[in-house]
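Below is one structure, written out as structure tokens; the observations come after it.
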Amino acid sequence: MLKLKACKSVLKRIKITKNRKYLTKHSSKNHLLYKKSKKNKRALSNLLLIKKNYISKIKLLLNI
51 MLKLKACKSV LKRIKITKNR KYLTKHSSKN HLLYKKSKKN KRALSNLLLI
101 KKNYISKIKL LLNI
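For any residue, its number in my numbering is found by taking its place in the sequence shown, counting from 1, and adding 50.
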């Protein structure tokens, strides 16, 4: 039987902390930034905690 591989695109987008929290980046930070305030851009650069209802789907993709 073949070994299941983790989805590499998900691995690139998600960080798993020591306490098993799943973090990702905010969207809307790539272009059209001149419309956004400095405060808003700083807030978007923080990491975002992924909601619990998505974690089971992420675990399936990562084969955890």
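Think of the CB as a built atom: it goes at the ideal place given N, C-alpha and C, for glycine as much as any other residue.
Margin query: Please tell me whether Leu-94 and Leu-73 are closer than 8 Å, where the distance is taken between their beta carbons.
Written below: No, the Cβ-Cβ distance between Leu-94 and Leu-73 is not below 8 Å.
Note to self: Measuring only the C-alpha atoms, how far is Lys-89 from Met-51?
What the structure shows: Rounded to whole angstroms, the gap between the alpha carbons of Lys-89 and Met-51 is 52 Å.
Note to self: Less than 8 Å between C-beta atoms, sequence neighbours within five positions excluded: which residues of the same chain meet that for Lys-55?
What the structure shows: Only residues of its own chain outside the window of five on either side were considered, and among them Asn-113 have a CB closer than 8 Å to the CB of Lys-55, listed in chain order.
Check: What does Lys-99 pair with, by DSSP beta-bridge criteria?
Finding: As written in the sequence, residue 99 is Leu, which differs from the Lys given in the question. Residue pairing for Leu-99: DSSP places it in a beta bridge opposite Leu-73.
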